[in-house]
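Just so you know, the sequence shown maps onto residues 1 to 329 in the UniProt record's numbering. All remarks here apply to the structure that follows.
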Amino acid sequence: MNVCAIIVTYGNRYNLIEKVAMACIEDGIDHIIIVDNGSPLENKIKLCDFANNHKKNIEIVRNEENLGSAGGYARGIKKAISDAEYEYFLLLDDDNLIDKQSFISLLKYWNERLSEEEKGNSALLALREDRDYYVRFATEQHDNILLGSANSFMHYGLFDYKKSNSSLSKKNDKIKSPIAPYGGLFLSLNLLNKIGLPLEEMFLYIDDIEFSYRITTNGGGIYIVPDSTVIDIDQSWGSKESNNNNRYSSPVLEEKESFRIYYTFRNRAYFEYNYRVNNKAYYFLNMFFLLSKLSIKAIYLRKLKRLTLILWAVYDGVRGNLGVTDRKL
């Protein structure tokens, strides 16, 4: 199997990308495309030297500016497809370390556990143990853990607590996930030709959910391989949890970097409205209740500026106003 790894990096993160890329080489991966998402000059030089020292294995795709995860992976996948040499692709973030045994487990699962029909429209996912909700999903196998219920807003549904007591998940031999992060996703050229590239206009956050959910909506499957794990060697923002038990505390109001909050709310609203809503009245009711709760906290914490940004983000998402925002973050 000819496998190409696609790794997106940014900033001064050479120390991470070097470890991840070298692990891929040791795993026996044929080719590695590193997407340099507008990193500083010092980092660019290090990447260039690294690629020159491993010409048989590593190729650099340079973006002059940071195109976000969506643009980075879209450009990387496009380049890998244009090479016309590879049938299979492994997507990794620049802090996703996958060891040889985990990579072999992916290939073994693909060859031994999937039927020929499944191989035509399926992907595999190495388990991300830093993502608690994926670990929980692998055990309970309930789609709502990852997606939220239909018509929920940011995983909030006014009547979800009633459903959770009565609905039981059906556990299957194969762990089939409705969505996946980029990091650890293994997919074929045939599948990419069906679902297309990541939506560059989403820029950052939730773009992996929108991209991978196309596999599900096109009748395919994303199978989690428990024996294959990806180790995060740098904690991501999305995996951090708040330990503040104050009833009025709110990570989204207290997070220092506003761009994270804006793109998360905007893109989540866009994804939900276009893929998960079949009852607009109920969706907007859920939105109203959650944002009302958030407003009370914002008043208490004196975070009205952040609240306003969130409201604009939700508006932009529902209206489909994507791309790099002009709003002041």
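Glycine included, C-beta positions come from ideal geometry on N, C-alpha and C.
- Measuring C-alpha to C-alpha distances from F89 to each of Y14, P251, D130 and M1 identifies M1 as the nearest.
- Residue range L185 to S188 is occupied by the beta strand (DSSP E) that includes F186.
- Every alpha helix (DSSP H) of 4 residues or more that sits fully in the segment 4-70 is shown, in chain order, as 14-27 and 41-53.
- Under a 10 Å Cβ-count criterion, E116 is classified as exposed, with fewer than 16 other Cβ atoms of the shown protein chains found around its own Cβ.
- The Cβ atoms of L309 and I261 sit closer than 9 angstroms to each other.
- In the DSSP assignment, T229 is bridged to L127.
- Taking 9 angstroms as the cut-off, the Cβ atoms of V230 and I98 count as close.
- CA-to-CA, the gap between N246 and S228 works out to about 38 angstroms.
- A contact between stretches requires three or more CB pairs, one per stretch, nearer than 8 angstroms, and the segment 67-86 meets this requirement with the segment 20-38.
- Looking from the CA of G157, the closest CA among V20, V314 and V277 belongs to V277.
- Secondary structure note for N96: its beta strand (DSSP E) is the uninterrupted segment N96 to I98.
- Excluding the 5 residues flanking it on each side, Y270 has same chain C-beta neighbours closer than 6 angstroms at G317, in chain order.
- Between the segment 14-31 and the segment 78-96, the count of C-beta pairs closer than 8 angstroms reaches three or more; the two stretches touch.
- One Cα belongs to Y73, the other to T325, and the distance between them is close to 20 angstroms.
- Within the model, the alpha-carbon separation for P198 versus N267 is close to 13 angstroms.
- Here D49 is exposed. Its C-beta has fewer than 16 other C-beta atoms within 10 Å.
- Straight-line spacing of the CA atoms in I7 and S292 works out to 40 angstroms.
- Taken through DSSP and simplified to helix, strand or coil, Y133 comes out as helix.
- Of the residues E42, L41 and A80, the one whose Cα lies closest to the Cα of E59 is A80.
- Taking a 10 Å sphere around the C-beta of D173, we find fewer than 16 other C-beta atoms and assign the residue as exposed.
- For I209, the enclosing alpha helix (DSSP H) begins and ends at D207 to T217.
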